[in-house]
Amino acid sequence: MGSDTATAMVESLAGEGLGGILPATDERVVLAFHDDRIVGSCVYAARGETVYVWGCYISQAFQRSGTGRRLIRHVQREGLSARRLQVTVLCASAGAVAFYGSLGFAVVERVEYELFPGCREPALVMELATA
């Protein structure tokens with residue numbers, strides 16, 4: 129993504145809905161800490177047989193440390209009745225695609241993901257069977 133897209137994404141957070149990132153009542157956030165500092169987060173919701181992961185973000189200094197893997201495994205344990213975890217990853221995020229692939233997620237669909245109104249990016253829907 130270019131700097132114009134990143135700027136527009138940040139500006140979209142100024143609205144009352146904060147760009148759609150506030151969790152609904154059934155969504156959860158799990159955080160990873162290091163020395164009382166947040167170094168990772170994962171937002172997810174279990175709905176029926178699927179746990180939807182909306183974002184798993186790790187501080188650059190802690191990437192490749194196992195933090196993301198531990199967060200996803202935590203989400204997997206919390207969604208005990210779910211049959212699968214699902215995440216949508218931007219195609220431009222090659223590192224994220226590789227990360228989820230290394231955990232066993234497989235591509236099930238290619239979509240155009242709306243980052244904010246008027247901005248769509250190619251993305252992959254990836255799933256991990258849990259049952």
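For the sequence shown, our numbering puts the final residue at 259, and the numbers step up evenly by one.
No residue lacks a Cβ here, since even glycine has one placed at the ideal position from N, Cα and C.
Range of the contiguous alpha helix (DSSP H) that encloses residue i
i           : result
residue 223 : 222-230
residue 199 : 195-206
DSSP state of residue i mapped onto helix, strand, coil
i           : result
residue 138 : Because the pLDDT of residue 138 is 43, which lies under 50, any placement of that residue in the model is unreliable, and the number read from its coordinates should be weighed accordingly. The answer is helix: DSSP assigns residue 138 an H, G or I state.
residue 188 : helix
residue 246 : coil
residue 161 : strand
residue 156 : strand
residue 258 : coil
Selection from the options that minimises the alpha carbon distance to residue i
i           : options               : result
residue 200 : 232, 219 and 252      : 232
residue 175 : 186, 163, 207 and 235 : 207
residue 169 : 177, 180 and 157      : 157
residue 221 : 183, 203 and 209      : 183
Distance cut-off 7 Å: residue i Cβ against heavy atoms of the ligand SAM
i           : result
residue 183 : For the ligand SAM, the structure offers nothing, since it holds no ligand at all.
Start-to-end residues for the beta strand (DSSP E) that takes in residue i
i           : result
residue 170 : 165-175
residue 216 : 212-218
Beta-carbon contacts of residue i that lie in its chain and below 8 Å, excluding the five residues immediately before and after
i           : result
residue 211 : 177, 178, 257, 258 and 259
With 16 other Cβ atoms within 10 Å as the buried cut-off, status of residue i
i           : result
residue 196 : buried
residue 246 : exposed
Close-in-space but distant-in-sequence residues of the same chain around residue i (CB under 6 Å, 5 per side omitted)
i           : result
residue 190 : 167
residue 225 : 217
residue 236 : 253 and 255
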